[in-house]
Every structure is written in C-alpha cells, then in structure tokens.
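In the working numbering, the protein residues as written are 2 to 62.
Cβ coordinates follow ideal geometry from the N, Cα and C atoms, glycine included.
Step one of this worksheet: look at the structure below.
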C-alpha cells in the first residue's frame with residue numbers, strides 16, 4: 002500500500018518569521034552544528050514554517 006505525503010505547509014501556530022528564525026538558530030546551537038535525523042526533520046518543518054511566515058519581499062530576495 003502506498004501512502005502519499007502532503008506537501009501543504011500547515012504552521013502549528015501563527016508565529017512571525019523572526020520567531021521561527023530564532024527557533025532555527027537555537028536548534029543549530031543546541032546541535033553543535035550537526036543535526037541528527039530527528040533534528041533535520043524539525044529543521045525542515047521550521048524552514049517551511051519560516052517561509053510561510055516571511056514577508057513577500059524577503060521571499061523574492
């Protein structure tokens with residue numbers, strides 16, 4: 002049986018891009034610069050959340 006994965010970004014909250022960016026930076030600091038498999042998944046989720054929250058002018062840059 003095949004399962005399809007959703008590619009729709011569904012942020013878990015209405016956080017600003019700055020708030021999500023701060024969490025991304027904290028994740029990197031906690032990891033010491035090397036992400037585990039679980040941390041990479043969290044990083045990918047955070048980047049998608051950041052992209053959804055970032056102002057349009059930041060996305061075009």
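Range covered by the alpha helix (DSSP H) that runs through residue i
i, result
"residue 32", "18-32"
"residue 49", "38-54"
Contacts around residue i, its chain only, beta-carbon distance under 8 Å, and the 5 residues preceding and following it disregarded
i, result
"residue 18", "51, 54, 55, 56 and 59"
"residue 48", "25"
Contact set for residue i: own chain, Cβ-Cβ below 7 Å, skip 5 residues either direction
i, result
"residue 43", "28"
"residue 45", "none"
"residue 21", "47, 50, 51 and 54"
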